[in-house]
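Colleague:
There are 2 protein chains.
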Amino acid sequence: MVSKKQEEILNYIDNTIKRNGYSPTVREICEAVGLKSTSTVQYHLKKLIELGFLNKSENISRSITSRTVDSKYGIPILGEISAGQPLIAEENYIGELPYFGNKINTELIALKISGDSMIDAGLYNDDLVVIDKSLVPEDGDIGAFLINNTEATVKYVDTIANKRYLIPANKNYSNIEIDENISYIGKVVSLFRDM
Amino acid sequence: MVSKKQEEILNYIDNTIKRNGYSPTVREICEAVGLKSTSTVQYHLKKLIELGFLNKSENISRSITSRTVDSKYGIPILGEISAGQPLIAEENYIGELPYFGNKINTELIALKISGDSMIDAGLYNDDLVVIDKSLVPEDGDIGAFLINNTEATVKYVDTIANKRYLIPANKNYSNIEIDENISYIGKVVSLFRDM
DNA sequence: TATATTTTAGCACATATGTTCGATAAAATT
DNA sequence: AATTTTATCGAACATATGTGCTAAAATATA
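As you go down the protein sequences, you meet chains A and B in turn. All residue numbers for the first sequence refer to our numbering, where the first residue is 1 and numbers rise by one. All residue numbers for the second sequence refer to our numbering, where the first residue is 1 and numbers rise by one.
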């Protein structure tokens, strides 16, 4: 799919963006990867863009952006989920968590953990969990759920005697059976704690 | 110090970088902030660079980078600490954690937690902890320490009966008295977990 | 071996873009 | 009021940079 040369180009672009903060020109790439014609670079760039690795604006210098580097597209951090409001409503937005990691094409949001119901899973009060909305929480996963379209909660999911439950990781709390008032938001994929 | 116009320019640059992934040209700034001469923009850019808000390479298009946006300076993730090697030696480097947060001018590194000695503090095996080397771990803090100049460990620090100890957050492990073989690396300031 | 497909080169063109210089205007200081 | 500092303009210049076109070489495929 991606040729040796294309990978080389990709790496050079990534490293340049990381080092300089802006992308190289076609000619710079040309020289860096040992090609003698700018049009050869254009050829490879076109391929890499088609494959989704790169992006670029036409006729604009140094406009290459790379998927594999800094997607500095932050993950919206949501606070209280208001009833009725769509999940990513302005009202809920309380900040932004820079995206790190290499999951592309996923819908990520971050929620702040409130309470200690998941403390035995290492999720503490005020921790930020990153939720991938494109993943359905399976049995054994930690997922984010919306109760009565109002309250967001993070819990384990599992099936016990043919019924599915939200299961806290703290003996002081009890399981909640999943019914029509509970919908999933997504799967918890990472955690960030500021100390 | 920074004039209204300069602030306007700064904002425009920041927003453009955030939105497009690359900085605007002098002419684009010119139009965006309602100026009619590119040299006026140059004039302001020079000021903003002197003040440390911006950076740019000469004669290179779209090379403006902004301090206030994406510090894409990653935090080096260190694996095993080799004896004798300086802490940030290439050998130890196993990756990079994008910097998020607003602490500037600090020396940050990330270490991977190995084992369960801090599990009751919510630090799990394979978690990444970010360490600020410019902060000395005080009593009650979680700090990173170097034992015999070889092995890195993360523990609570505290003083018990006039002696200082590294204290695990797990009853199965015992306290370690701090002696001359133990030096601190820094204070643990945040945690990242991939699930 | 003949035929496609992929990769590379060379060159020329148009324009995007940073830079410089001199002049003018506005605001702040003396 | 005179002088300095700050901000703006206009125009011209040099070159940095994206793009298009054609052909050749290398590689894969039938």
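Positions of the beta carbon are idealized from the N, C-alpha and C atoms, including for glycine.
Between G186(B), I167(B), N162(B) and I64(B), which has its C-alpha nearest F145(B)'s C-alpha?
Modeller: Nearest of G186(B), I167(B), N162(B) and I64(B) to F145(B), Cα basis: G186(B).
Colleague: By the three-class DSSP mapping on this structure, what secondary structure does R164(B) have?
Modeller: Of the three classes helix, strand and coil, the one that applies to R164(B) here is strand, per DSSP.
Colleague: How far does the alpha helix (DSSP H) with S39(A) in it reach, from first residue to last?
Modeller: It spans T38 to E50 - the alpha helix (DSSP H) in which S39(A) sits, taken as one unbroken run.
Colleague: Where G34(A) and I64(A) are concerned, what is the direct C-alpha to C-alpha distance, given to the nearest angstrom?
Modeller: In a straight line, the C-alpha of G34(A) is about 19 Å away from that of I64(A).
Colleague: Would you mind reading off the limits of the beta strand (DSSP E) that contains Y22(B)?
Modeller: Segment: none, Y22(B) is in no beta strand (DSSP E) and carries neither H nor E.
Colleague: What's the C-alpha gap between A121(A) and V129(A)?
Modeller: Taking the straight line from one Cα to the other gives about 12 Å.
Colleague: Verify whether the separation of the beta carbon atoms of I13(B) and S23(B) is less than 8 Å.
Modeller: Taking 8 Å as the Cβ cut-off, I13(B) and S23(B) qualify as a contacting pair.
Colleague: Between the Cα of S134(A) and the Cα atoms of Y124(A), I176(A) and L108(A), which residue gives the shortest distance?
Modeller: Of the candidates Y124(A), I176(A) and L108(A), the one whose C-alpha sits nearest the C-alpha of S134(A) is L108(A).
Colleague: Establish whether the CB of S200(A) and some CB of chain B are separated by less than 8 Å.
Modeller: What the structure shows of chain A is the stretch from 1 to 195, and residue 200(A) is not part of that stretch, so it cannot be assessed.
Colleague: Does G21(A) get closer than 8 Å to chain B when you measure Cβ to Cβ?
Modeller: Yes, contact with chain B.
Colleague: With a 10 Å radius around its C-beta and 16 neighbouring C-beta atoms as the bar for buried, classify S66(A) as buried or exposed.
Modeller: Label assigned to S66(A): buried.
Colleague: Per DSSP, what kind of secondary structure is T150(A) in: helix, strand or coil?
Modeller: The answer is coil: DSSP assigns T150(A) none of H, G, I, E or B.
Colleague: Along chain B, which residues have their Cβ under 7 Å away from the Cβ of Y165(A)?
Modeller: What Y165(A) touches in chain B: nothing, since even the nearest Cβ is about 20 Å away.
Colleague: Let me know the secondary structure DSSP gives R27(B) once reduced to three states.
Modeller: Correct three-state label for R27(B): helix.
Colleague: Are any of the Cβ atoms in chain B nearer than 8 Å to that of M118(A)?
Modeller: No, M118(A) does not count as interfacial toward chain B.
Colleague: Would you say L123(A) and V157(A) are within 8 Å of each other, going by their C-beta atoms?
Modeller: Against a cut-off of 8 Å, the Cβ pair of V157(A) and L123(A) comes out as no contact.
Colleague: Could you confirm whether any beta carbon from chain B is found closer than 8 Å to the beta carbon of S190(A)?
Modeller: So yes, S190(A) belongs to the interface.
Colleague: Note down, in chain order, each residue of its chain lying with its Cβ closer than 8 Å to the Cβ of G115(A), except the 5 sequence neighbours on either side.
Modeller: For G115(A), where only same-chain residues beyond five positions count, the Cβ hits under 8 Å are N125.
Colleague: On the premise that V26(A) lies in contact with Q42(A), defined as a C-beta separation below 8 Å, what is that separation, rounded to the nearest angstrom?
Modeller: Going by Cβ atoms, the distance from Q42(A) to V26(A) rounds to 6 Å, so yes, they are a contact pair.
Colleague: Taking C-beta pairs closer than 7 Å, name the residues in chain A that D158(B) reaches, listed in chain order.
Modeller: Result: empty, since nearest Cβ-Cβ is about 16 Å, beyond 7 Å.
Colleague: Taking the beta strand (DSSP E) that D132(A) falls in, what are its first and last residues?
Modeller: First-last of the beta strand (DSSP E) with D132(A): L128 to D132.
Colleague: Give me whichever residues DSSP pairs with N55(A) in a beta bridge.
Modeller: DSSP output for N55(A) lists T65(A) as bridge partner(s).
Colleague: With DSSP run on the structure shown, which of helix, strand or coil describes I200(B)?
Modeller: It is not possible to answer for residue 200(B), since the shown part of chain B is limited to 1 through 195.
Colleague: Under 8 Å Cβ-Cβ, which residues of chain A neighbour S183(B)?
Modeller: Chain A residues near S183(B): none, gap ~21 Å exceeds 8 Å.
Colleague: With 16 other CB atoms within 10 Å as the buried threshold, where does K56(B) fall?
Modeller: Buried, by the Cβ-count rule.
Colleague: Rounded to a whole number of angstroms, what is the C-alpha to C-alpha distance between A32(B) and S39(B)?
Modeller: One C-alpha to the other measures close to 14 Å.
Colleague: Measure how close the beta-carbons of D139(B) and S190(A) come, nearest whole angstrom, since I'm counting them as under 8 Å.
Modeller: Contact flag wrong, Cβ pair sits at about 31 Å.
Colleague: From I119(A) to K171(A), what does the alpha carbon distance come to, in whole angstroms?
Modeller: If I take the Cα positions, the gap works out to 10 Å.
Colleague: Between G52(A) and chain B, is there a C-beta pair that is closer than 8 Å?
Modeller: No - not a single Cβ of chain B is within 8 Å of the one on G52(A).
Colleague: By the 7 Å beta-carbon criterion, what residues does the segment 117–138 of chain B contribute toward chain A?
Modeller: Hits within the stretch, in order: G122 and Y124.
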